[in-house]
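Participant: As you go down the protein sequences, you meet chains P and X in turn. Using the UniProt record's numbering, you'd call the opening residue of the first sequence number 1 and step up by one each time. Using the UniProt record's numbering, you'd call the opening residue of the second sequence number 1 and step up by one each time. Even glycine gets a Cβ: it sits at the ideal position worked out from N, Cα and C. Handing you a structure now.
Protein chains: 2
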Amino acid sequence: MERKPRIVILGAGYGGMVTASRLQKANAHRNAEITLVNKHNYHYQTTWLHEPAAGTLHHDRTRMLIDSVIDTNKINFIKDDVTSIDREQKKVQLANRELEYDYLVIGLGSIPETFGIPGVYEHAFSIRSVNSVRLIREHIEYMFANYNNEEEKTEDYLTFVVAGAGFTGMEFLGELTERIPALCQEYDIDREKVKVYSIEAAPTALPGFDDELVEYGVSLLESRGVEFKISTPIKEVREDGVLLDNGEEIKSQTVVWTTGVRGNPIVEEAGFETMRGRVKVEDDLRAPGHDDVFIIGDCALIINEETNRPYPPTAQIAIQQANVLAENLQAILSGKDELKSLEPDIKGTVASLGGKEAIGVVGSKKLFGTQASAMKKVIDNRYLYILGGVPLVFKKGKLNFFS
Amino acid sequence: MERKPRIVILGAGYGGMVTASRLQKANAHRNAEITLVNKHNYHYQTTWLHEPAAGTLHHDRTRMLIDSVIDTNKINFIKDDVTSIDREQKKVQLANRELEYDYLVIGLGSIPETFGIPGVYEHAFSIRSVNSVRLIREHIEYMFANYNNEEEKTEDYLTFVVAGAGFTGMEFLGELTERIPALCQEYDIDREKVKVYSIEAAPTALPGFDDELVEYGVSLLESRGVEFKISTPIKEVREDGVLLDNGEEIKSQTVVWTTGVRGNPIVEEAGFETMRGRVKVEDDLRAPGHDDVFIIGDCALIINEETNRPYPPTAQIAIQQANVLAENLQAILSGKDELKSLEPDIKGTVASLGGKEAIGVVGSKKLFGTQASAMKKVIDNRYLYILGGVPLVFKKGKLNFFS
Numbered sequence: 001m002e003r004k005p006r007i008v009i010l011g012a013g014y015g016g017m018v019t020a021s022r023l024q025k026a027n028a029h030r031n032a033e034i035t036l037v038n039k040h041n042y043h044y045q046t047t048w049l050h051e052p053a054a055g056t057l058h059h060d061r062t063r064m065l066i067d068s069v070i071d072t073n074k075i076n077f078i079k080d081d082v083t084s085i086d087r088e089q090k091k092v093q094l095a096n097r098e099l100e101y102d103y104l105v106i107g108l109g110s111i112p113e114t115f116g117i118p119g120v121y122e123h124a125f126s127i128r129s130v131n132s133v134r135l136i137r138e139h140i141e142y143m144f145a146n147y148n149n150e151e152e153k154t155e156d157y158l159t160f161v162v163a164g165a166g167f168t169g170m171e172f173l174g175e176l177t178e179r180i181p182a183l184c185q186e187y188d189i190d191r192e193k194v195k196v197y198s199i200e201a202a203p204t205a206l207p208g209f210d211d212e213l214v215e216y217g218v219s220l221l222e223s224r225g226v227e228f229k230i231s232t233p234i235k236e237v238r239e240d241g242v243l244l245d246n247g248e249e250i251k252s253q254t255v256v257w258t259t260g261v262r263g264n265p266i267v268e269e270a271g272f273e274t275m276r277g278r279v280k281v282e283d284d285l286r287a288p289g290h291d292d293v294f295i296i297g298d299c300a301l302i303i304n305e306e307t308n309r310p311y312p313p314t315a316q317i318a319i320q321q322a323n324v325l326a327e328n329l330q331a332i333l334s335g336k337d338e339l340k341s342l343e344p345d346i347k348g349t350v351a352s353l354g355g356k357e358a359i360g361v362v363g364s365k366k367l368f369g370t371q372a373s374a375m376k377k378v379i380d381n382r383y384l385y386i387l388g389g390v391p392l393v394f395k396k397g398k399l400n401f402f403s
Numbered sequence: 001m002e003r004k005p006r007i008v009i010l011g012a013g014y015g016g017m018v019t020a021s022r023l024q025k026a027n028a029h030r031n032a033e034i035t036l037v038n039k040h041n042y043h044y045q046t047t048w049l050h051e052p053a054a055g056t057l058h059h060d061r062t063r064m065l066i067d068s069v070i071d072t073n074k075i076n077f078i079k080d081d082v083t084s085i086d087r088e089q090k091k092v093q094l095a096n097r098e099l100e101y102d103y104l105v106i107g108l109g110s111i112p113e114t115f116g117i118p119g120v121y122e123h124a125f126s127i128r129s130v131n132s133v134r135l136i137r138e139h140i141e142y143m144f145a146n147y148n149n150e151e152e153k154t155e156d157y158l159t160f161v162v163a164g165a166g167f168t169g170m171e172f173l174g175e176l177t178e179r180i181p182a183l184c185q186e187y188d189i190d191r192e193k194v195k196v197y198s199i200e201a202a203p204t205a206l207p208g209f210d211d212e213l214v215e216y217g218v219s220l221l222e223s224r225g226v227e228f229k230i231s232t233p234i235k236e237v238r239e240d241g242v243l244l245d246n247g248e249e250i251k252s253q254t255v256v257w258t259t260g261v262r263g264n265p266i267v268e269e270a271g272f273e274t275m276r277g278r279v280k281v282e283d284d285l286r287a288p289g290h291d292d293v294f295i296i297g298d299c300a301l302i303i304n305e306e307t308n309r310p311y312p313p314t315a316q317i318a319i320q321q322a323n324v325l326a327e328n329l330q331a332i333l334s335g336k337d338e339l340k341s342l343e344p345d346i347k348g349t350v351a352s353l354g355g356k357e358a359i360g361v362v363g364s365k366k367l368f369g370t371q372a373s374a375m376k377k378v379i380d381n382r383y384l385y386i387l388g389g390v391p392l393v394f395k396k397g398k399l400n401f402f403s
């Protein structure tokens, strides 16, 4: 009997997880040996992580055990760290073993983009994993707990800097400002003592977003006490705060870095040509010159032909890629030559701002307030439905539309 | 009209709070101007603090607003820090004002006893106030949250050292070991990775306690993973752990210091003769040579005539002192010369060990397990009853006798 082709999927983020789930539903395991590799035994919804980071949602609500969605009788699951990829030998090196592949799917996600600003990795937090956001939540609480134990009150315990007023930064500010009143009560601290800064190098918060909605979001966060510093690049992150390009220093024990991401460096180290760590993939999601390697999610670069600029790496586009990729892998397994092309279809974008507040565009319609907030929950639940149907929506979904 | 005598009570711990409450019930404010000074606007039950320190009880359960128990129309309450006492001028200096007194009650509590061991104040935590235990709880959680974010796993994040296996140390170990399984689950950590040490210089845990009960308590805590190092003095507390006299180092980010207390240094600074910061008071609780100064609680030293050794400073004895003191102050206000003597009556001692476990002696009877645990709750509730009657027991009491 001929050996089945081996498909190895690296990473169980949005892209890897939906690919595996689609292949499983199509019973692709009958024609291939499919292996999913991930560093944790759980998958998490990256786009929800600003909530557990601020402590407004428990992190367990943002993750699920991989084997609760993936049938490991059909798809092998290996919990391990990917350390390198050898394209010539068609092998993947994991921390504890080696895997050979016939077809490789790279969905290894991203790391924070520092733009070369020193001190980010040493002194700033980032919203990137269950581990990292659990640490942010605890760090914030620890700062509040410390304050009243100091003989000389150090205000920088109560000063919070969010670097970057993009999507994640604004969403985190929304949750953080929603949580601060409860933290003040828990630790006997006056609300006035707490300072929250949003620092953005670009001339506006949420660059590229509708002006009216940006104004709504900024005003809302200002009303909750956020001080925006727009057109203000950061020069350095230090142990005791940030130094701005304009020479100003903000003393803070808590700098959260949300200025975007770059592709996982393993991709570049494997020899692929990258831009900000991302590979400009073919329409069928293959890496240029590599018929056996597909790249999706934050590691893939897709150009928006209307604007001639890359699409921002989002969950929405990763899921669309995974759908096309799953079809293309099945086509290959069936011996077909013709592969499908990705046609990105951005249905809309909604940024939550804490509580019942959000801003967004769906189709050509602008949304804000409770309407946008409800739409955000629909989007979050829709993803759970894609992965695990109605039961997963009931188990992990956001069903509190009116609270 | 003749001026009423001014009674100033410094500190709203067990002693000061019960004194004020007794005077209020006796309507002593008709004959005196009574002022209670405390650094917080709340009173807390020090003997419960090991629970919020470990995170097994919320700190709000261990405190009450002073004006919820004291009628401030009858007794003035000043929230301020006491900085010094001038016995000659009969004045008390507060951070923000000065007070004159005719009769002074000193109930200013204690500070940790370090026995001159270096590093305690710099690197160890202590179970002494709502602020300090809230910090311990958050610090512990922060250590757990940090662990999985480290590339090189540092085991000292998960190593907890409790210095002193006296009453507070054992009670804290009881709560901590009860909480650790939940912390392991919350932060995805194997229970086996967590180490808890109890380090005691004396040749036994709980010196002076019944041998059989000590054995019960030690075995119980060992079964929950505590490693006891008895007859093991600590030489130094360092930023990264403790150095023992025997040369051994234990690396830990969390050292909790529970080796007993000494009286508030303000008392010694005021010129009173002290032993470990405590003043050996007369039988009527006056400071020797000072008819107008009464000292109670952790600042007072009372000799047990049976053993010729001081009574350990406990809530029980502070409350008994406060009862006698309130009577003596009323006697003075009524112009009586004869004051009452304190006759300590130790009814029993129970140490909680977390969950449904405790050990204790009540009268001549030894108790352990659920029976001792229920008795501990009776003792805790009894204090609330003394202060605020049945309503306070219902509001703040421990009514879960069977859970």
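1) Is there at least one Cβ from chain X nearer than 8 Å to R134/P's Cβ?
2) Take every Cβ of the stretch 361-378 of chain P, pair it with every Cβ of the stretch 229-246 of chain P, and state whether three or more of those distances are shorter than 8 Å.
3) Output, in chain order, the set of chain X residues within a Cβ distance shorter than 7 Å of Y187/P.
4) Where P52/P and R61/P are concerned, what is the direct C-alpha to C-alpha distance, given to the nearest angstrom?
5) I'd like the list of long-range same chain contacts for M275/P, defined as Cβ closer than 7 Å, with 5 residues on each side in sequence excluded.
6) For the structure I just gave you, are there three or more beta carbon pairs, one from the stretch 269-288 of chain P and one from the stretch 237-247 of chain P, closer than 8 Å?
7) Keeping to the same chain, check which residues put their C-beta closer than 8 Å to that of E150/P; ignore five residues upstream and five downstream.
8) For Y142/P, go through chain X and note every residue whose CB falls closer than 7 Å to its CB, in chain order.
9) Could you tell me the boundaries of the beta strand (DSSP E) in which H290/X lies?
10) What is the DSSP secondary structure of R128/P, counted as helix, strand or coil?
11) So which residues on chain P does N38/X lean against when the C-beta distance must stay under 7 Å?
12) Looking at the C-beta of N149/X, does it have a partner C-beta in chain P at a distance below 8 Å?
13) Would you call the stretch 340-352 of chain P and the stretch 313-325 of chain P in contact, with 3 or more CB pairs under 8 Å?
14) Secondary structure at G369/P, three-state DSSP: helix, strand or coil?
15) Specify the secondary structure class of P265/P as computed by DSSP and reduced to three states.
16) Would you please verify whether the beta carbon of A54/X is less than 8 Å from any beta carbon of chain P?
17) What does DSSP give as the partner residues of V242/X in its beta bridges?
18) Excluding sequence positions up to five away, which residues of its chain have a Cβ less than 6 Å from the Cβ of R22/P?
19) From E227/X, E141/X, E152/X, S219/X, pick the residue whose C-alpha is nearest to that of A163/X; which is it?
20) Is DSSP giving E152/X helix, strand or coil here?
21) Considering only the beta carbon of each residue, do A351/X and G360/X sit closer than 8 Å?
22) At the level of alpha carbons, what is the spacing between A28/X and Q330/X?
23) Please work out which residues of its chain come closer than 6 Å, Cβ to Cβ, to K4/P, disregarding the five sequence neighbours upstream and downstream, and give them in chain order.
24) Against chain X, which members of the stretch 192-221 of chain P pass a CB distance test of less than 8 Å?
25) Need the endpoints of the alpha helix (DSSP H) that Q330/P sits in, please.
26) Could you tell me the alpha carbon to alpha carbon distance between G11/P and L213/X, rounded to whole angstroms?
27) Specify the secondary structure class of N304/P as computed by DSSP and reduced to three states.
28) Assign E122/X to one of three DSSP states: helix, strand, or coil.
29) Name, going along the chain, the residues of the stretch 284-303 of chain P whose beta-carbon falls closer than 8 Å to a beta-carbon of chain X.
30) What's the C-alpha gap between A145/P and I140/X?
31) Which residue's Cα is closest to the Cα of N76/P: W48/P, T35/P, A26/P?
32) Just to confirm, is the Cβ distance from P313/X to D298/X under 8 Å?
33) What are the boundary residues of the beta strand (DSSP E) that F77/P is part of?
34) When the distance is taken between beta carbons, is P112/P closer than 8 Å to V256/P?
35) Buried or exposed for G388/X, going by 16 or more other Cβ atoms inside 10 Å?
Facilitator: The relevant details are as follows:
1) Position 134 of the first sequence, counted from the start, is the residue given in the question as residue 134/P. Closer than 8 Å: yes.
2) no
3) The count along the first sequence starts at 1 and reaches residue 187/P at position 187. Ordered by position in chain X, the residues that pass the 7 Å Cβ test against Y187/P are R134.
4) Stepping through the first sequence from its first residue, residue 52/P is reached at position 52. Stepping through the first sequence from its first residue, residue 61/P is reached at position 61. Distance between the alpha carbons of P52/P and R61/P: 9 Å.
5) Numbered from its first residue, the first sequence carries residue 275/P at position 275. Closer than 7 Å at the Cβ level, and outside the excluded window around M275/P, lie L301.
6) no
7) Within the first sequence, the letter at position 150 stands for residue 150/P. Same-chain partners within the cutoff: Y157.
8) Position 142 of the first sequence holds residue 142/P. By Cβ distance, chain X contributes E138, H139, Y142.
9) Here residue 290/X refers to the residue found at position 290 when the second sequence is read from its first residue. Residues 290-295.
10) In the first sequence, the residue the question calls residue 128/P occupies position 128. In the structure shown, R128/P sits in coil (DSSP, three-state: anything other than H, G, I, E or B).
11) What you label residue 38/X is simply residue 38 of the second sequence in a count that begins at 1. By Cβ distance, chain P contributes nothing, its closest Cβ being about 14 Å from N38/X, past 7 Å.
12) By 1-based counting over the second sequence, the position of residue 149/X is 149. Cβ-Cβ to chain P under 8 Å: yes for N149/X.
13) yes
14) Position 369 of the first sequence, counted from the first residue, corresponds to residue 369/P. Residue state, collapsed to three classes: helix.
15) Residue 265/P sits at position 265 when you count from the first residue of the first sequence. Helix.
16) Taking the second sequence and counting its residues from 1, one reaches residue 54/X at position 54. No, no contact with chain P.
17) Locating residue 242/X in the second sequence gives position 242, where the first residue counts as 1. In the DSSP output, where bridge partners are listed per residue, V242/X has V237/X, I250/X.
18) Taking the first residue of the first sequence as 1, we reach residue 22/P at position 22. Here the set comprises A326.
19) On the second sequence, residue 163/X is found 163 positions in, with the first residue counted as 1. Cα-wise, what sits closest to A163/X is E227/X.
20) Looking up residue 152/X in the second sequence gives position 152. The answer is coil: DSSP assigns E152/X none of H, G, I, E or B.
21) Taking the second sequence and counting its residues from 1, one reaches residue 351/X at position 351. Taking the second sequence and counting its residues from 1, one reaches residue 360/X at position 360. Contact: yes.
22) As a working mapping, residue 28/X is identified with position 28 in the second sequence. As a working mapping, residue 330/X is identified with position 330 in the second sequence. Those two C-alpha atoms are separated by around 7 Å.
23) Against the first sequence, residue 4/P aligns to sequence position 4. Excluding positions up to five away in sequence, the list reads A32, E33.
24) none
25) Sequence index remark: in the first sequence, residue 330/P carries index 330 (1-based). Run containing Q330/P: 315-333, per the alpha helix (DSSP H) assignment.
26) Sequence index remark: in the first sequence, residue 11/P carries index 11 (1-based). Sequence index remark: in the second sequence, residue 213/X carries index 213 (1-based). Cα to Cα, G11/P sits roughly 54 Å from L213/X.
27) Position 304 of the first sequence, counted from the start, is the residue given in the question as residue 304/P. Strand, per DSSP.
28) Stepping through the second sequence from its first residue, residue 122/X is reached at position 122. Correct three-state label for E122/X: helix.
29) none
30) For the purposes of this step, residue 145/P is taken as the residue at position 145 of the first sequence. For the purposes of this step, residue 140/X is taken as the residue at position 140 of the second sequence. About 12 Å.
31) Taking the first sequence and counting its residues from 1, the one referred to as residue 76/P is at position 76. When only C-alpha atoms are compared, the closest one is T35/P.
32) For the purposes of this step, residue 313/X is identified with residue 313 of the second sequence, where counting begins at 1. For the purposes of this step, residue 298/X is identified with residue 298 of the second sequence, where counting begins at 1. For P313/X and D298/X, yes; Cβs fall inside 8 Å.
33) If you number the first sequence from 1, residue 77/P lands on position 77. Start and end: 76-79.
34) Residue 256/P sits at position 256 when you count from the first residue of the first sequence. Residue 112/P sits at position 112 when you count from the first residue of the first sequence. In this structure, P112/P does not lie closer than 8 Å to V256/P by Cβ.
35) In the second sequence, counting from the first residue as 1, residue 388/X sits at position 388. G388/X is buried by the Cβ-count criterion.
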